[in-house]
Amino acid sequence: MALTPYLSEFHGKNYRSRVPLTIGLLYSVGNIALPLLAWLILPLNIKLSLFGGLEFHAWNLFLLLCALPAVTSGVLFMFMPETPKYLMTKGNNEQALEVFRKIYKFNTRQPKESYPVRKLRDEKQIYQKKHGFKEAWKQISPLFCRKYAFKLILVCSLQLFLMMWYGLVIAVNTLRLWLPEIFQVMNDYEYYNNETATFCKMLRNIQPSPDSVTETCHVNFDNASVYINSIIVAVVTIAGYVAAAFVINRIGKKKMLCCLGLASGVCVASIYFAPSSSVALLLICVHLMCSCVCIDIVVTIVVDLFPTSLRASALSLTLMSGRIGSVSGQIIFPFLLQAGCAPPFFTLGGIIIEIISCLFQVALYSQYSYQILT
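Positions in the sequence shown are counted from 1; adding 605 to them yields my numbering.
Given below as structure tokens:
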């Protein structure tokens, strides 16, 4: 949660809106690497006995390799400097100036001594040396004052609805649980029936009827399309992030949120009518791309709306709302699947959520200055 405000505060306002999009792009690159890594490792027949009883399988190796980037980045961040804006709000102008000099040296390849700025203006110091819950409340209580409370409620609600619907229809966190399963169902149907069908007909395989259960178990080991489909989704999402990074300052955040939210809602409703697995994959890709970009644009809005001293707390509350939406989506999605194919993808609730999202966007941007809008 702290990564986005941390990186954003190293950039000026002309480039700040692109930081969350760049982070999202890198996440999508990781979503390409994961299926490739799984495709390479999981089929391996690895069975090692360690420490006299602990068994090590291919999936253990996969999880170990997935954990290495997080551990490595955590160690590297120990050597990163604090942001100048944060240091200035605490009154450490000399330390902030030293960070500026290091950035100047890195960007221009010139010596730090040639940095033209010699003194920084004093920022208001809002932090005091206190401890425990009092200090924590003192830091976040300004978020609930009249100036910021309405904006915080709007961005949290917007993130909640986006992540909830996003979670209901193959989204950020729910994606890890449901998208591979749905791709596997599509793959199994085409494998056993030697034909494609409508998306809803294939989706019925998630809940096989008692009549379809046989004594003989035939396992489909040809799962290449499952990995390939996951890679395609990630590639399309990367393309969306790249395009958004180039046009966000020209089009504006308001128009992008409304257009992408509308496109996402249309794709959600259209999945129900998908005549084949290819069309279903296309609609899923577009929906996922639009929703990913929308969520990161909301993060960009939070970075612009709140001052440095409140930015991390506001972003944490916003992302917490998004996670609540994701958990709600994961809980509701199985019940909707039990009700049939239509409820998850073509319910009135989904359309209402998309409309509410657009209304929140309009209300939110009415609070914005012209500079932030453009």
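We treat Cβ as the ideally placed atom computed from N, Cα and C, and that holds for glycine.
Residues bridged to residue i (per DSSP)
i: H662; result: K652
Alpha carbon of residue i to alpha carbon of residue j, nearest angstrom
i: Y797; j: I708; result: 59 Å
i: F684; j: S678; result: 10 Å
i: V838; j: C864; result: 20 Å
i: I651; j: P949; result: 38 Å
i: L692; j: H616; result: 15 Å
i: N619; j: V908; result: 13 Å
i: I900; j: L910; result: 15 Å
i: R714; j: Y720; result: 11 Å
i: T922; j: V904; result: Residue identity check: residue 922 is Leu in the sequence provided, not Thr. In a straight line, the C-alpha of L922 is about 11 Å away from that of V904.
i: M894; j: K695; result: 39 Å
i: G870; j: G934; result: 16 Å
i: L670; j: V676; result: 10 Å
i: R723; j: Q700; result: 12 Å
i: T982; j: A850; result: This structure gives no information on residue 982, because the portion of the chain shown stretches from 606 to 979.
i: K858; j: W783; result: 30 Å
i: P674; j: L641; result: 16 Å
i: F661; j: A829; result: 24 Å
i: R706; j: E687; result: 13 Å
Buried versus exposed call for residue i [16 or more other C-beta atoms within 10 Å across all chains shown]
i: I902; result: buried
i: G945; result: exposed
i: R726; result: exposed
i: W664; result: exposed
i: R623; result: buried
i: I936; result: exposed
i: F938; result: buried
i: F940; result: exposed
i: A848; result: exposed
i: G629; result: buried
i: S883; result: exposed
i: F711; result: exposed
i: P610; result: buried
i: V704; result: buried
i: I856; result: exposed
i: I775; result: Here the model assigns I775 a pLDDT of 40, short of 50, so the residue's position is not dependable, and the following value carries that caveat. So I775 ends up on the buried side.
i: L808; result: buried
i: N799; result: exposed
i: F682; result: exposed
i: V898; result: buried
i: P625; result: buried
i: V680; result: exposed
i: L862; result: buried
i: V852; result: exposed
Chain C contact for residue i (CB, 8 Å cutoff)
i: L867; result: You won't find chain C in this structure, because it holds only one protein chain.
For the region 839–859 and the region 626–642, state whether three or more C-beta atom pairs, one from each stretch, are separated by less than 8 Å. A contact exists between the region 839–859 and the region 626–642.
Touching by the beta-carbon criterion (3+ pairs, under 8 Å), the region 652–665 and the region 879–891: In short, these stretches do not touch, since the Cβ pair count stays below three.
Does the region 828–838 come into contact with the region 783–794, if we say contact requires no fewer than three beta-carbon pairs (one atom in each stretch) closer than 8 Å? Contact holds: three or more Cβ-Cβ distances are below 8 Å.
Taking only runs of the beta strand (DSSP E) that begin and end inside the region 841–919, which ones reach a length of at least 3 residues, in chain order? For the region 841–919, there is no continuous beta strand (DSSP E) assignment of 3+ residues that stays within its boundaries.
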